[in-house]
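As structure tokens, the structure follows; a few thoughts come after it.
Residue numbers (my numbering): 260 to 327.
Here it is in structure tokens:
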């Protein structure tokens, strides 16, 4: 409830950087990336990296971190 979209994007980006730099993590999965039941009362929707307007700040961060 107190995590902003920017906090979420920064956290995902940080996890990607740490995984890559460790040399021990061959694959990172972002769970619930596209959960989109925004009109319901499901608490899982807060984990989605896609926003109701279709934007994805975390995706932009992932691209930047991965050099794409």
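Don't be surprised by glycine CBs; every beta carbon is placed ideally from N, CA and C.
| request: Counting only the same chain and skipping the five closest in sequence on each side, list residues whose C-beta sits under 7 Å from that of residue 291. | output: 303, 306, 307
| request: Under the assumption that residue 268 contacts residue 317 (Cβ atoms under 8 Å), give the Cβ distance between them as a whole number of angstroms. | output: 4 Å
| request: Would you give the residue range spanned by the alpha helix (DSSP H) that residue 321 belongs to? | output: 316-324
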